[in-house]
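Here is the structure we will look at.
Chains as they are written, first to last, in our numbering: chain A, 830 to 1086; chain B, 830 to 1086.
Following this line, the structure appears as structure tokens:
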């Protein structure tokens, strides 16, 4: 009996195998600042579908985020990579990246404006079901999607992948309306224990619907194949990368019902 | 095109809907002690399949664990509820439960013998693929499955649901061969922060493949519908229950490949 099930499922997989990927850069604005994002969706899917905003790590929008967008497109989502820094502002070294990221980490109000602009751009897309929207972010992008939530933005959920969890305004947790999933490298040296504890208390005090997953053996940047360990404390971890991706998919399955 | 896929999948679901549940109590031994466990599997599945050992909370083996066994049976596993306390040793109050559980928490060597006896009994079952075995435990049972791992037992993985994470012998983490998933209520008052930190360090020091998930808003016993809050700090949390069950299923999907 189970064999018949397997055959049907296999047939179903073959029939739905044709993808029709559509990608494009998208110029948009926040105030007077021109931003350049990246859109991806799979035209083999029909009708409105959930939208996922992707926020980049400290080097700015790179092919890393574009690849994640393509992966999400093939899962049936409209994916939009936000640009936090500005069109043509793409750090060329970790030093430049640190300078850029610090601008926004020390001006959370501006960071919230920038990421909300990306969310608005995503929601404008006619293929996006505005009632099923999430945001994911990597590293600096993880911090950013948490700030998106702290701004009281209207979306279903956020996922931070090895994002910085510190906050100059922990009371802002009370603004969070969406569900929160934090994927954290258990050995991430960039996350001070006191910041992690403060984050948990922020979530707790504000009765946020939150979950935090610690991946043993993983440090910072665990989802990024180019993180080769040359920057101490930041290294790709295939196991944690695959698991956190599955955890995100499961989270989407729940929040997009 | 996607509509054809949907029809095939729907047809597949109808064909595989017939379950043939088989359950029975099973007497077995550890040393001179007679134990009584509970076995469940679904005869609609054919051939060998993964086995899952279930270890009870402090009240002993009850219908709670039996229900979990039935749920696992319908997912295609052979489920065996271990008996740690002994045949006919079934606490009738939380006071008796505390006394029983303490016997084993203060004699981890005996606890390891008892749970290994349950694992052996599960593996003996001809329907169980001995290369695909896991153990899950609730509360006292969570502590127990971690002790099973610390005994160096040969199985693919363990899942602790709101288990006590303290250990009198943290160096024993070095014996752990299997993968470890800990599902923890973020507001569980029964878990001292120092024990949680010590557990993480044990896993870290021994290079265990571990993951810890904190469910915001959940306290102790979050998977148990009868935990109504009359015992302070122990209360059912439907959201955390459903999510942790999904997390376990996802974990099984990975470890049973």
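Ideal placement from N, C-alpha and C gives every residue a C-beta, glycine not left out.
Query, Result
"Please check if any C-beta of chain B sits within less than 7 Å of the C-beta of residue 1074 (chain A).", "no"
"Under 7 Å, Cβ to Cβ, is there at least one residue of chain A near residue 1043 (chain B)?", "yes"
"Hey, quick one: how far does the beta strand (DSSP E) through residue 1084 (chain B) stretch, first residue to last?", "Per DSSP, residue 1084 (chain B) belongs to no beta strand (DSSP E); it is in the alpha helix (DSSP H), 1067 to 1084."
"Beta-carbon within less than 6 Å of residue 869 (chain B)'s beta-carbon, same chain only, minus the 5 sequence neighbours each way: which residues are those?", "852, 898, 899, 902, 908"
"Can you look up residue 848 (chain A) in the DSSP assignment and give me helix, strand or coil?", "coil"
"So what's residue 1048 (chain B) in DSSP terms, helix, strand or just coil?", "coil"
"To the nearest angstrom, how far is it from the Cα of residue 965 (chain A) to the Cα of residue 865 (chain B)?", "48 Å"
"By the DSSP assignment, the beta strand (DSSP E) with residue 926 (chain A) in it spans what residues?", "Here residue 926 (chain A) belongs to no beta strand (DSSP E); instead the alpha helix (DSSP H) covers 923 to 934."
"Hey, is residue 900 (chain B)'s beta-carbon within less than 7 Å of any beta-carbon in chain A?", "no"
"If you draw a straight line from the alpha carbon of residue 1067 (chain A) to that of residue 1061 (chain A), how long is it in whole angstroms?", "17 Å"
"Shorter than 7 Å from the beta carbon of residue 1079 (chain B) to some beta carbon of chain A?", "yes"
"Under 8 Å Cβ to Cβ from residue 849 (chain A), same chain only, skipping five residues before and after it: list those, please.", "871, 872, 873"
"Exposed or buried, what is residue 876 (chain A) when buried is set at 16 or more other beta-carbons lying within 10 Å of its beta-carbon?", "exposed"
"Using a C-beta to C-beta distance shorter than 7 Å, which residues of chain A count as neighbours of residue 1037 (chain B)?", "1045"
"Check residue 868 (chain A) in the structure and name its three-state DSSP category.", "strand"
"Over the uninterrupted alpha helix (DSSP H) stretch that includes residue 941 (chain B), give me the two end residues.", "937 to 953"
"Curious, which full-length beta strand (DSSP E) runs of at least 3 residues does the region 951 to 980 of chain B contain?", "957 to 967"
"Please specify which runs of the alpha helix (DSSP H), each continuous and at least 4 residues long, are wholly inside the region 992 to 1059 of chain A, giving them in chain order.", "1022 to 1034"
"Bridge partners for residue 859 (chain B) per DSSP, in chain order?", "B:862"
"Answer yes or no: does any C-beta atom of chain B fall closer than 7 Å to that of residue 1040 (chain A)?", "yes"
"Within 10 Å of its beta-carbon, does residue 1043 (chain B) have 16 or more other beta-carbons around it, so buried, or fewer, so exposed?", "buried"
"Using a Cβ-Cβ cutoff of less than 7 Å, which residues in the same chain neighbour residue 971 (chain A) once the five nearest sequence positions on both sides are dropped?", "989, 990, 991, 992, 993"
"Where do the ends of the alpha helix (DSSP H) carrying residue 902 (chain B) lie?", "892 to 903"
"According to a CB-to-CB cut-off of less than 9 Å, which residues of the region 955 to 979 of chain B neighbour chain A?", "none"
"Straight-line CA distance for residue 936 (chain B) to residue 1024 (chain A)?", "37 Å"
"What is the residue span of the beta strand (DSSP E) that residue 879 (chain B) lies within?", "878 to 884"
"Taking C-alpha atoms, which residue in A:928, A:1081, A:1056 lies nearest to residue 987 (chain A)?", "A:1081"
"Please classify residue 987 (chain B): does DSSP put it in a helix, a strand, or coil?", "strand"
"Looking only at C-alpha atoms, which of B:882, B:967, B:932, B:930 sits nearest to residue 984 (chain B)?", "B:882"
"Once you ignore the five residues that flank residue 946 (chain A) on each side, which residues in its own chain have a CB closer than 6 Å to its CB?", "859"
"Tell me which residues share the same chain as residue 1004 (chain B) and place their Cβ nearer than 6 Å to its Cβ, disregarding the 5 neighbours each side in the sequence.", "979, 981"
"Mapping DSSP to helix, strand and coil, what is residue 853 (chain B)?", "strand"
"Residue 918 (chain A) by DSSP, collapsed to three states: which one?", "coil"
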